[in-house]
Each structure stands twice: as C-alpha cells, then as structure tokens.
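Written out below as structure tokens is the structure these notes cover.
In this note's numbering, the protein residues as written are 6 to 359.
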C-alpha cells in the first residue's frame, strides 16, 4: 500500500444533461436510444484506461478511483473515470457502449447488475477490448478477470464470526446489504449462510436480509424497520460501507440494544468504534489499494502481458506477485488479501488514510 493519493477534483457530468470528460481524443458517436443522450466522452491518448464504479457519492468508490488514477497517471497513461449518479445498470451500459466506440485499452467495471451488463461487456471483449471487474464480479462470460479484494469464503467467515462474537453466539441477527443484484454482497451473504449451518453457529438465527441500495437514507430506514419488526434482534451485519454507518446511527437514534458489525471505512467509523457500545470493530481492506491493483491489472491486459487464464502470474509494484486462480463462479480472479480488523486500538492510525 503506502501510496499517498493526491487531492484532485473529479467532475461527473451525467446522463440526460451532462457531459463527462476523461481521456479526450474525439467525441463518441455511438447510437442512442430515443430517450437517451450520449455522454460526451473524449479521448486524447491511444492508451486510455477506463474505470466505472457502481455510483457517485460513496467515499469507498472515491478511494478506489484515487488509487486507480494515481497508478495509471504515474505510468504516463490516460484514465477515464465514470461514477453514475443514479447507480443504475442503464447508465453503465450506455457508457460502456461509448467506450467500445472509442476503443479504450481496457474497461474496469463494478457492475450494478452483472446480468444486465453481460451482453454489452461481451460485445466489448468480442471487439478486442479487455474487460475486468473489481469490487463486485461481472459474470464469467463477460469478464477476463475479476480483481477480488478478498476471498468470498474468508469474508463470509470473518463477518459471521463477528456476529457470533458480539452476540455471545446466541440470538437473532439480520443483514443490511446494498443492492439485491450486487454479486459480491450476494456471494458474501451466501457464504455466511452456508458457514452458518455448521454446529458452531447453531445458536444464531438469521431473520431477514434487507437492502439499502447503497443509499444512506434507505439503509437507515431499513434498519429502523428491522428494529421495529424484530424487538429481540441482537445483531445487524452490514457488509457495505454506507449500510454500516446508517445502521449504527439508526440503532443509536432508536436507543436499541443492538450490536452492528460489518465492512466500514475507518475514516467514517472511527467515532463509533472508539465509543464501542454499538460497533466495537469493523473489517475492511484498503479501497485505495484495490484501485491500484485494478490499474495494474488493466495495464497488464492493455499491454497483452496476461490473458486471465488460471495459473498466470502478475508482478505488481516491483516485487509483489499475484497468481490468477479459479473463482467460485468458475471465472478467474486475483485475490488481494484478507479483511483487516479495525478496533479502538488501531483505528486512529488508519482514519486519516481512508
């Protein structure tokens, strides 16, 4: 890790009435549906690398973008960043179509809905543009590789053990997730449910999975609904950075004796973790490093150094070697590492970093 990300302004000019400048060579002229307006994409460099996040207004995504653009620009390449304001598959599909027309060197995407994006991403690959996913996997047939922040089973086990820990191993618990179509969230939840069938977790009962769509207010409202619906609830697990903050604040405002665990950013959760009564610790990987790794993988594909085949190795940042492995969905991935625990003893060291 160790990179310091420069402060920069990211201007999003969005669907229907805005343009977004990123790389800058010629204006895209892809065909538009009747009710769509093309996003103004201009490309200045033949070697341009694109990153598309799930949505704007999310500090986690902003850190990914900073890591990505830092590495791309350090390498003397051009980057194109798109963060949809509405976090819809439709916006992502539109910008991918235009990036295909622009013949960018690689497209890195965190799909809002992997099934909805499958066709357009397959088209990009068929036209010779490498497609990789990060943060949440695209379907195996519509990506060449997934940059996985941590192994699915490891994340599921880590989160379930946190639920067990703060509940004393007994009680009702619920999940506040992001989108119902989010492949990574669904995979982690599936892993939690599978692992939860083990005898070691027999005292825990999952009562409901709620979806906040990575929107603070909706996640807050979903948490309040859970608290009212299940007065004996012991724990809420939120495997989403927006969801965990909303859940903690909802529990605090409601005065409920419910613990909250999950994935969060130290910069956003330090206050609650240090106080400790609701959320004694969080887990997370460094989203900036996820962005950096996505950039390294993008350039490796752009330079035709890897193809995404199982067993290939990628040397990163001079001395770190990552091996391409088979993912649970039968596609391929590179796994960065394991979730790291942030508690009252160490969170101050990290809150100024991300």
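For glycine and all other residues, C-beta sits at the position ideal for the given N, C-alpha and C.
Checklist line | C-beta contact flag for residue 65 and residue 292 at 7 Å | finding: Translated into positions along the chain shown, residue 65 becomes position 60. Translated into positions along the chain shown, residue 292 becomes position 287. Their beta carbons are under 7 Å apart, which means residue 65 touches residue 292 by this criterion.
Note to self: Could you tell me the alpha carbon to alpha carbon distance between residue 15 and residue 78, rounded to whole angstroms?
What the structure shows: Taking the chain shown and counting its residues from 1, the one referred to as residue 15 is at position 10. Taking the chain shown and counting its residues from 1, the one referred to as residue 78 is at position 73. With a pLDDT of 35 at residue 15, under the threshold of 50, the predicted position of this residue should be treated as unreliable, and no value is reported.
Notebook entry, point to check: If you check the beta carbons only, do residue 338 and residue 153 fall under 7 Å apart?
Noted result: Taking the chain shown and counting its residues from 1, the one referred to as residue 338 is at position 333. Taking the chain shown and counting its residues from 1, the one referred to as residue 153 is at position 148. Closer than 7 Å, so yes.
Item checked: Cross-strand partners of residue 155 (DSSP beta bridge) -> For the purposes of this step, residue 155 is identified with residue 150 of the chain shown, where counting begins at 1. In DSSP, residue 155 forms a bridge with 342.
Notebook entry, point to check: For residue 165, which three-state DSSP category applies?
Noted result: Looking up residue 165 in the chain shown gives position 160. Residue state, collapsed to three classes: helix.
Checklist line | residue 84, enclosing alpha helix (DSSP H) - first and last residue | finding: Taking the chain shown and counting its residues from 1, one reaches residue 84 at position 79. Counting along the chain, residue 84 falls outside any alpha helix (DSSP H), though it belongs to the beta strand (DSSP E) covering 83–87.
Notebook entry, point to check: Among 296, 312 and 53, which residue has its Cα nearest to the Cα of residue 67?
Noted result: Taking the chain shown and counting its residues from 1, the one referred to as residue 67 is at position 62. When only C-alpha atoms are compared, the closest one is 296.
Check: residue 91 lies in the alpha helix (DSSP H); which residues open and close that run?
Finding: In the chain shown, residue 91 corresponds to position 86, counting from 1. Per DSSP, residue 91 belongs to no alpha helix (DSSP H) and is neither H nor E.
Next item on the list: Look at the alpha carbon of residue 232 and the alpha carbon of residue 132, and state the distance between them as a whole number of angstroms.
Entry: In the chain shown, counting from the first residue as 1, residue 232 sits at position 227. In the chain shown, counting from the first residue as 1, residue 132 sits at position 127. If I take the Cα positions, the gap works out to 50 Å.
Next item on the list: Please go through the same chain and pick out, in chain order, the residues whose beta-carbon is closer than 7 Å to the beta-carbon of residue 275, but skip the five residues on each side of it.
Entry: As a first step, residue 275 is located in the chain shown; it is residue number 270 there, counting from the start. 352, 353 and 356, listed in sequence order.
Notebook entry, point to check: Is residue 286 helix, strand or coil when you go by DSSP?
Noted result: For this step, residue 286 is matched to residue 281 along the chain shown. In the structure shown, residue 286 sits in a strand (DSSP, three-state: E or B).
Check: Can you name the start and end residues of the beta strand (DSSP E) that residue 114 belongs to?
Finding: The count along the chain shown starts at 1 and reaches residue 114 at position 109. Note, residue 114: beta strand (DSSP E), 111–114.
Notebook entry, point to check: CB residue 270 to CB residue 246, shorter than 7 Å?
Noted result: What you label residue 270 is simply residue 265 of the chain shown in a count that begins at 1. What you label residue 246 is simply residue 241 of the chain shown in a count that begins at 1. Yes; because the gap between Cβ atoms is below 7 Å, this pair is in contact.
Notebook entry, point to check: Which residues share a DSSP beta bridge with residue 178?
Noted result: Within the chain shown, numbered from 1, the residue matching residue 178 stands at position 173. BP columns for residue 178 point to 211 and 240.
Checklist line | Sequence-distant residues of the same chain with beta carbon closer than 7 Å to residue 283, five excluded per side | finding: Taking the first residue of the chain shown as position 1, residue 283 is located at position 278. Within the same chain, residue 283 has close Cβ partners 253, 256, 257, 264, 265 and 277.
Checklist line | Collapsed DSSP secondary structure at residue 39 in the structure displayed | finding: By 1-based counting over the chain shown, the position of residue 39 is 34. Note on residue 39: pLDDT 38, under 50, position unreliable in the model; the coordinate value appears next. Coil at residue 39, not helix or strand.
Checklist line | Span separating the alpha-carbon of residue 186 from that of residue 138 | finding: Here residue 186 is taken as the residue at index 181 of the chain shown, counted from 1. Here residue 138 is taken as the residue at index 133 of the chain shown, counted from 1. Rounded to the nearest angstrom, the two C-alpha atoms are 15 Å apart.
Check: Tell me, which residues are paired with residue 337 by DSSP?
Finding: Within the chain shown, the letter at position 332 stands for residue 337. 331, per the DSSP bridge assignment.
Next item on the list: Report the residue from 107, 111, 95 and 108 whose alpha carbon sits nearest the alpha carbon of residue 123.
Entry: Looking up residue 123 in the chain shown gives position 118. Among 107, 111, 95 and 108, the Cα nearest to that of residue 123 belongs to 95.
Checklist line | Reference residue 80, options 303, 343 and 350, closest by Cα | finding: Translated into the one-based positions of the chain shown, residue 80 becomes position 75. Among 303, 343 and 350, the Cα nearest to that of residue 80 is on 303.
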